[in-house]
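Undergrad:
Chains as they are written, first to last, in our numbering: chain C, 2 to 91; chain A, 336 to 494.
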């Protein structure tokens with residue numbers, strides 16, 4: 002069973018590595034993210050959100066879902082530790 | 336102040352007077368700095384996660400320098416749990432309120448219908464509300480992780 006799981010992990014890893022070969026090169030100025038997403042954030046973020054810090058604007062507004070579920074992940078981690086470890090004296 | 340000095344003199348907590356005094360002086364400034372990092376996230380590096388960790392670290396510092404009991408008398412476990420839940424609820428609640436006001440989920444400009452500040456100002460203020468929620472949740476989780484791990488779960492004594 003362990004060998005099977007190991008083989009499955011290896012195959013999944015190989016597929017993922019194969020998938021990264023289609024990615025644009027690191028820092029490629031022609032990559033889709035650099036062509037229309039980043040310029041939009043850099044040019045419009047202050048006008049659209051009135052937040053001088055673009056990082057905060059992206060984190061809190063444009064990618065609000067991401068930040069929300071980051072918080073939920075931390076919350077679930079705390080909940081898990083409390084529910085595993087916490088025991089009352091009585 | 337005199338009361339604190341007497342308590343330190345006659346109680347057994349704390350490694351040494353130097354450490355406890357240094358922590359007593361430092362903790363208010365650490366907490367103030369944590370609040371500053373949360374609130375000033377719009378203008379400088381920082382935000383809810385970092386500020387929450389700094390706020391939580393101040394309680395952990397009390398727990399390390401004094402002892403576990405002092406740390407947990409400064410903030411009750413129940414208060415801590417309520418703050419953590421409140422933090423997560425603020426984030427989801429602000430998003431839900433935006434949806435109820437007729438915008439998209441987490442589209443803060445929809446809150447303009449509730450209090451007319453202007454949609455763009457609301458996008459800035461909505462980020463602030465959300466950061467406060469993140470800060471509360473992270474602080475409470477940090478503190479409760481430390482409490483539970485150092486006391487073995489019974490929150491009676493530890494370290």
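Glycine included, C-beta positions come from ideal geometry on N, C-alpha and C. Quick caveat, the model's predicted, so the values are computed rather than measured.
(1) Pull up the distance between the alpha-carbon of residue 88 of chain C and that of residue 484 of chain A, whole angstroms please.
(2) Using a cut-off of 8 Å between C-beta atoms, extract the partners of residue 51 of chain C located in chain A.
(3) Examine chain C for any beta-carbon lying closer than 8 Å to the beta-carbon of residue 480 of chain A, and answer yes or no.
(4) Do you know offhand how far residue 34 of chain C's Cα is from residue 60 of chain C's?
(5) Tell me, please, whether the CB atom of residue 46 of chain C is closer than 8 Å to any CB atom in chain A?
(6) Looking at the C-beta of residue 492 of chain A, does it have a partner C-beta in chain C at a distance below 8 Å?
(7) Quick check on the DSSP output: the alpha helix (DSSP H) that includes residue 404 of chain A runs from which residue to which?
(8) Taking C-beta to C-beta, are residue 369 of chain A and residue 376 of chain A nearer than 8 Å?
(9) Could you work out which residue in A:445, A:418, A:417 is closest to residue 430 of chain A when comparing CA atoms only?
(10) Please list the residues of the segment 61-84 of chain C that have a C-beta atom closer than 8 Å to any C-beta atom in chain A, keeping them in chain order.
(11) For a quick check, are the C-beta atoms of residue 399 of chain A and residue 366 of chain A less than 8 Å apart?
(12) Where does residue 439 of chain A sit, in a helix, a strand or coil, going by DSSP?
TA: With the structure as the only source:
(1) About 12 Å.
(2) Those are 455, 456, 458, 459, listed as they occur along chain A.
(3) Chain C contact via Cβ: present.
(4) Their backbone Cα atoms lie some 16 Å apart in a straight line.
(5) Contacts with chain A at 8 Å (Cβ-Cβ) do not include residue 46 of chain C.
(6) For residue 492 of chain A, no Cβ of chain C is located within less than 8 Å of the residue's own Cβ.
(7) 403-409 is the span of the alpha helix (DSSP H), which, as asked, contains residue 404 of chain A.
(8) No, they are not a contact pair.
(9) Shortest Cα-Cα distance from residue 430 of chain A to any of A:445, A:418, A:417 involves A:445.
(10) Taking 8 Å as the Cβ-Cβ cut-off, the segment 61-84 of chain C approaches chain A at 61, 62, 65, 66, 68, 69, 71, 72, 73, 75, 76, 78, 79, 82, 83, given in chain order.
(11) Taking 8 Å as the Cβ cut-off, residue 399 of chain A and residue 366 of chain A do not qualify as a contacting pair.
(12) In the structure shown, residue 439 of chain A adopts coil according to DSSP, grouped into three states.
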